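Peer 1:
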Amino acid sequence: MSFVEIDIQDQIMIVKLNRPERLNALGKGIREGMADAFNQFKNDKNLEVSILTGEGRGFCAGEDMKESVEAGSIVDTPGKSPDLDDPFINGTLDKPVIGAINGYAMGGGFMLVERTDLRVAVKEAIFEMSEAKRWLLGGYNHGHYANIPHPISTEMALGFRFSAERLYQLGFINRLVEKEELIPTALSMAEHILSLPPAARVNTFYMMK
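For the sequence shown, position 143 (counting from the first letter as 1) is numbered 148 according to the numbering used here, and the numbering increases by one without interruption.
1) Pull up the distance between the alpha-carbon of K214 and that of A151, whole angstroms please.
2) Which residues mark the beginning and the end of the alpha helix (DSSP H) in which I188 is found?
3) Please state the DSSP three-state secondary structure of T121.
4) Exposed or buried, N48, counting other C-beta atoms within 10 Å across all chains shown (16 or more means buried)?
5) Can you tell me which of the three DSSP states F210 falls into?
6) Let's see if you can read the secondary structure: which residues bound the beta strand (DSSP E) around D90?
7) Of the residues I17, M70 and I94, which one's Cα is nearest the Cα of G38?
8) By how many angstroms is the C-alpha of L31 removed from the C-alpha of A126?
9) Taking just the CA atoms, how far does E10 sit from T97?
10) Mind listing, in chain order, the continuous beta strand (DSSP E) runs of no fewer than 3 residues lying wholly within the stretch 7 to 35?
11) Specify the secondary structure class of S158 as computed by DSSP and reduced to three states.
12) From which residue to which residue does the alpha helix (DSSP H) around R171 run?
13) So R62 and G108 are in contact, right, with Cβ under 8 Å, and what is the actual spacing, rounded?
14) Would you please state the rounded distance, in angstroms, between the beta carbons of A195 and V54? I believe it to be under 8 Å.
15) Compute the beta-carbon to beta-carbon distance between A169 and K128, rounded to the nearest angstrom, for a pair I have assumed lies under 8 Å.
16) Could you give the distance in angstroms between the alpha-carbon of T121 and the alpha-carbon of N179?
17) If we ignore side chains and look at the alpha-carbon of each, how far apart do L113 and R206 end up?
18) For I188, I'd like the list of residues in its chain whose CB is within less than 8 Å of its CB, leaving aside the five on either flank, ordered along the chain.
19) Run through DSSP, which three-state label would G38 get?
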């Protein structure tokens with residue numbers, strides 16, 4: 006079984022995290038699969054838009070703590086590994102990624118959402134920055150990156166949970182949908198992007214980065 010599945014539909018690549026029994030936690034297999042998928046997306050000139058989603062009831066539960074403890078190391082940033090080069094994680098990807106958040110986005114999973122350019126979420130999705138609960142300092146900057154007001158950013162840094170509805174109201178999520186509408190809505194957004202004149206699309210995306 007592949008921990009990351011890809012589905013190419015014309016100029017769109019759907020990247021699906023596929024370890025539902027672990028809520029798609031960021032273990033070695035998922036990190037490697039994401040790096041492979043997004044390098045393929047970056048280097049294939051026929052691919053213009055990607056959609057990132059998860060299988061099951063979790064988008065991504067963050068670091069796979071069980072695997073990390075067994076390996077003797079904990080990685081606090083998704084994709085950060087000396088032997089991995091993931092353009093989505095390291096910021097060198099120059100094509101848009103739409104997040105289709107199907108469930109829990111916790112810790113490193115929340116950070117994956119932050120790296121997407123447009124976001125669609127199911128109404129049941131739950132979001133949390135988890136560092137403070139693990140004796141770590143790291144969640145303090147995430148709300149600021151998203152231009153979220155200081156009191157809300159502080160709430161994030163302290164590990165409070167957020168519903169999809171609340172983040173939608175704050176402008177962090179573009180669309181809030183029922184489960185069956187998640188991928189169709191993300192595909193519709195991708196198709197809109199592809200309908201724009203190529204130069205306008207590429208330059209606008211570059212400026213918004």
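All C-beta atoms, glycine included, are put in the ideal place defined by N, C-alpha and C.
Just so we're clear, the structure is a prediction, and the values are computed from it rather than from any experiment.
Peer 2: In this structure, then:
1) Here the alpha carbons of A151 and K214 stand approximately 12 Å from one another.
2) Start and end: L187 to S200.
3) If DSSP states are grouped into helix, strand and coil, T121 belongs with coil.
4) Flag for N48 reads exposed.
5) Helix at F210.
6) Annotation: D90 is outside any beta strand (DSSP E) and is labelled neither H nor E by DSSP.
7) Ranked by how close their Cα comes to the Cα of G38, the residues I17, M70 and I94 have I94 in first place.
8) Distance between the alpha carbons of A126 and L31 is about 20 Å.
9) Rounded to the nearest whole angstrom, the CA to CA distance from T97 to E10 is 22 Å.
10) Listed in chain order, the complete beta strand (DSSP E) runs (minimum 3 residues) inside the stretch 7 to 35 are 9 to 14 and 17 to 22.
11) Helix at S158.
12) Boundaries of the alpha helix (DSSP H) around R171: A169 to Q174.
13) With 8 Å as the limit, R62 and G108 qualify as a contact, their Cβ atoms being about 4 Å apart.
14) Confirmed, Cβ separation roughly 4 Å.
15) Sure, about 6 Å apart at Cβ, within 8 Å.
16) The alpha-carbon atoms of T121 and N179 are separated by roughly 11 Å.
17) One detail in the question is off: residue 113 reads as Gly in this sequence, not Leu. Cα to Cα, G113 sits roughly 29 Å from R206.
18) Sequence-distant partners of I188 (beyond 5 residues in either direction) whose C-beta falls short of 8 Å from its own C-beta, in its chain, are I19, I56, T58 and A105.
19) G38: helix per DSSP, three-state reduction.
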